[in-house]
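Inspection log for the structure reproduced underneath, given as structure tokens.
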Amino acid sequence: MVEQFKRNNNKQEEIERALKLIQSRNPRDRSYAAKRLGELKERPDILMSLMDDPNGFVRSAAAEALGRSVELPAPEVISHLLAAIDDPNNYVCAAAVNSLGLLDAKQAVSEVEACLNDSHPIVVQAAILAMARIDPERIKEHLVEYLESDEYLIHLAATRVCGWLMHAACGPFILKYLKDFMAENDQQDLKLPKLYIEVLARLNVKESIPELVEIAEKEVGLRGVAVEALVEMNAEEAAAILSPLLSDPSNRLRRNLIEMMIQADYETALPLVRPLLRDSAITVRETALAAISKWQDRVSVSDVRNIAFNDPNPFVRPQAVTTLTKLLGQEALPDLEDLADDLNVHVRRAVAQSFAEIDYLTPSGKSALIRLANDEDTADFVQEALEVHDLSAIHPNVRPEPKIKAPVPEAIRTQSHDLKALLEKWQASLPNLQRHFDLEELSDVDQALSTLIVALRKTDDQKE
Numbered sequence: 090m091v092e093q094f095k096r097n098n099n100k101q102e103e104i105e106r107a108l109k110l111i112q113s114r115n116p117r118d119r120s121y122a123a124k125r126l127g128e129l130k131e132r133p134d135i136l137m138s139l140m141d142d143p144n145g146f147v148r149s150a151a152a153e154a155l156g157r158s159v160e161l162p163a164p165e166v167i168s169h170l171l172a173a174i175d176d177p178n179n180y181v182c183a184a185a186v187n188s189l190g191l192l193d194a195k196q197a198v199s200e201v202e203a204c205l206n207d208s209h210p211i212v213v214q215a216a217i218l219a220m221a222r223i224d225p226e227r228i229k230e231h232l233v234e235y236l237e238s239d240e241y242l243i244h245l246a247a248t249r250v251c252g253w254l255m256h257a258a259c260g261p262f263i264l265k266y267l268k269d270f271m272a273e274n275d276q277q278d279l280k281l282p283k284l285y286i287e288v289l290a291r292l293n294v295k296e297s298i299p300e301l302v303e304i305a306e307k308e309v310g311l312r313g314v315a316v317e318a319l320v321e322m323n324a325e326e327a328a329a330i331l332s333p334l335l336s337d338p339s340n341r342l343r344r345n346l347i348e349m350m351i352q353a354d355y356e357t358a359l360p361l362v363r364p365l366l367r368d369s370a371i372t373v374r375e376t377a378l379a380a381i382s383k384w385q386d387r388v389s390v391s392d393v394r395n396i397a398f399n400d401p402n403p404f405v406r407p408q409a410v411t412t413l414t415k416l417l418g419q420e421a422l423p424d425l426e427d428l429a430d431d432l433n434v435h436v437r438r439a440v441a442q443s444f445a446e447i448d449y450l451t452p453s454g455k456s457a458l459i460r461l462a463n464d465e466d467t468a469d470f471v472q473e474a475l476e477v478h479d480l481s482a483i484h485p486n487v488r489p490e491p492k493i494k495a496p497v498p499e500a501i502r503t504q505s506h507d508l509k510a511l512l513e514k515w516q517a518s519l520p521n522l523q524r525h526f527d528l529e530e531l532s533d534v535d536q537a538l539s540t541l542i543v544a545l546r547k548t549d550d551q552k553e
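For what it's worth, this note's numbering labels the leading residue of the sequence shown as 90, then goes sequentially.
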């Protein structure tokens, strides 16, 4: 029957279905219904009645749900939960203690604190988490003691609370536990080391950076969370070491690595980041755009332009419009004019805002801006551009300033297209050379190629 209990957008219908399900003889059905009523924050009276159910799983589910179904003051609910602390089933007791914590039931602090000395680890675990919510200062002084417990559940709860309460004194202990875990090379349960890493990042334990870098390099199962921690800690020194991982198959890892490169302003990784503008993952393309924009990589203009006009994701395209404008400045005007009539409203809004970054408008640019001002979907986004350009001062005879001639010798201007193609091919192959050359050296070559490619592209544009 549980399999047929599908969630519905109609809250009242779900409540009625849950109430019917509570009548089932199957304790699994009653447990599921209790859980759902808690999620819906409804009928605490029914949940309290289920605290007398003969089945321990049902009582446990009801106790857990009560912590989510009401807000204080709720004296009757607190009374039922306090009574459940003495339940012969340890799981019911733990669920009741956890709910008292969720309800921040300060009047129950003595009873919850007494559960810290319970003989069953699951009850102590619940008490540690509940005390962290009800009276954090009282539990803080005992956290190191609980961290050193041999009981997995107690150690796990204490580790989590160290992160919740930002208790810096726990940092050295958690780093030691992480190192011990990695030395044992036991990859059966990654929940605990992931938690260690998350807490170390939250506590900003800089001493953990070398260990996290090593994990990011070598431990596939923990690589992503280690990189996230390094990003959160703004570990600039890790950027150079981790840059080869930009080719990792994990979308999340590639995105996080680019974010780290941006935070560290590690422009040396540009040859590796640039190809990710064509990545299959939306979040990776978005983050790569942010990097390209920050580092002002004009070589990426064609890729950025392609995203602005053709990306399959409607929300990446506006970011590309903004990036294109930042890269090209005044030279982005023809693109903005073309995109001003795009069917994607988010693109048109990005165009409207980007017009404010243009130094001056041509007559066609003026017309595009006026169309956006008259479009109810974009009218609120053009105000800055209208003020910047003071339309009343724009004359119909305004013409674009002549383009500066590219510094390419006349002797090879006729071959500029072929030369540019060869240099672009060279630049595109740089990521494949990172195993054989130092990334700093590749970055120097990339910058030199970028300068030449941009100059040759200007030459080709002038031919046209």
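Just so it is clear, CB atoms sit at the ideal spot from N, CA and C, and this is done for glycine as well. None of these values were measured; they are calculated from a predicted model.
Bounding residues of the alpha helix (DSSP H) (the contiguous stretch that carries residue i)
| i | result |
| --- | --- |
| Asn340 | 340–352 |
| Lys130 | Careful: Lys130 lies outside any alpha helix (DSSP H) and carries neither H nor E. |
| Thr411 | 405–417 |
| Ala150 | 145–158 |
| Lys268 | 260–273 |
| Ser453 | 452–462 |
| Asp207 | Unbroken run through Asp207: none, as it is neither H nor E. |
| Ala183 | 179–191 |
| Arg227 | 225–229 |
| Arg582 | There is simply no residue 582 to check, as the chain begins at 90 and stops at 553 in what is shown. |
Best match in the options for proximity to residue i [C-alpha to C-alpha]
| i | options | result |
| --- | --- | --- |
| Arg249 | His435, Val320, Ile228 | Ile228 |
| Asn395 | Thr412, Gln196, Tyr285, Val362 | Thr412 |
| Ala318 | Pro338, Asp337, Asn340, Pro282 | Pro282 |
| Phe404 | Gly418, Ala439, Ser158 | Ala439 |
| Met322 | Leu331, Leu232, Gln352 | Gln352 |
| Ile211 | Ala246, Leu416, Phe270 | Ala246 |
| Phe444 | Val434, Gln536, Lys455 | Lys455 |
| Asp430 | Ala329, Leu331, Ser332, Asp464 | Asp464 |
| Ala194 | Gln214, Arg157, Asn206 | Arg157 |
| Glu200 | Asp175, His209, Thr503, Ser208 | Asp175 |
| Ser168 | Leu192, Glu240, Val309 | Leu192 |
| Glu499 | His244, Ala544, Pro360, Lys514 | Ala544 |
| Ile501 | Gln472, Leu541, Lys514, Asp527 | Leu541 |
| Glu165 | Pro133, Glu530, Glu273, Ser369 | Pro133 |
| Asn206 | Val198, Ala216, Lys265 | Ala216 |
| Glu530 | Glu234, Ile111, Pro360, Leu232 | Pro360 |
| Val477 | Val147, Ala441, Arg460, Gln504 | Ala441 |
C-beta contact flag for residue i and residue j at 8 Å
| i | j | result |
| --- | --- | --- |
| Ser297 | Leu284 | no |
| Arg344 | Val302 | no |
| Leu335 | Ala358 | yes |
| Met255 | Leu292 | yes |
| Ile135 | Leu129 | no |
| Gln523 | Leu538 | no |
| Leu181 | Ser149 | According to the sequence provided, residue 181 is Val. The question's Leu does not apply to it. It is a contact, given that the beta carbons lie within the stated cut-off. |
| Pro496 | Pro364 | no |
| Leu311 | Ile286 | yes |
| Ala123 | Ala163 | no |
| Val437 | Asp466 | Residue identity check: residue 437 is Arg in the sequence provided, not Val. Yes, these two residues count as a Cβ contact at 8 Å. |
| Leu267 | Glu300 | yes |
| Gln385 | Leu416 | yes |
| Thr376 | Leu422 | no |
| Ser188 | Glu153 | yes |
Alpha-carbon spacing of residue i relative to residue j, whole angstroms
| i | j | result |
| --- | --- | --- |
| Ala107 | Gly190 | 25 Å |
| Met350 | Glu325 | 8 Å |
| Asp392 | Ile371 | 14 Å |
| Phe398 | Glu230 | 59 Å |
| Leu425 | Lys509 | 26 Å |
| Ala173 | Lys280 | 30 Å |
| Pro489 | Ile447 | Model confidence at Pro489 stands at a pLDDT of 43, short of 50, so the residue's coordinates are unreliable; what they give is reported in the following sentence. For Pro489 and Ile447, the distance between alpha carbons rounds to 12 Å. |
| Ile104 | Arg222 | 29 Å |
| Arg546 | His506 | 8 Å |
| Ser518 | Leu512 | 10 Å |
| Tyr355 | Asn179 | 53 Å |
| Ser120 | Pro143 | 12 Å |
| Ser453 | Val388 | 27 Å |
| Gln561 | Gly418 | Because the chain spans 90 through 553 in this model, residue 561 falls outside it and cannot be assessed. |
| His484 | Leu432 | Bear in mind that a pLDDT of 34 at His484, under 50, signals an unreliable position, so the model cannot answer this. |
| Asp278 | Tyr241 | 11 Å |
| Arg460 | Val410 | 18 Å |
| Ser481 | Thr414 | The predicted model places Ser481 with a pLDDT of 40, which falls under 50 and marks its position as unreliable, so this point remains unresolved. |
| Ala272 | Glu308 | 12 Å |
| Asn340 | Val390 | 23 Å |
| Trp253 | Glu226 | 12 Å |
Heavy atom of the ligand PLP within 7 Å of residue i beta-carbon
| i | result |
| --- | --- |
| Lys124 | Looking at this structure, you won't find the ligand PLP or any other ligand, since it has none at all. |
Proximity test, Cβ basis, 8 Å: residue i and chain C
| i | result |
| --- | --- |
| Leu428 | Absent here is chain C; the protein component of the structure consists of one chain. |
Nearest-angstrom beta carbon gap, residue j and residue i [assumed within contact, 8 Å]
| i | j | result |
| --- | --- | --- |
| Val233 | Phe262 | 6 Å |
| Val147 | Leu155 | Not really, about 13 Å apart at Cβ, beyond 8 Å. |
| Val198 | Cys204 | With a Cβ gap of about 11 Å, Val198 and Cys204 do not count as contacting. |
| Ala315 | Ala305 | 4 Å |
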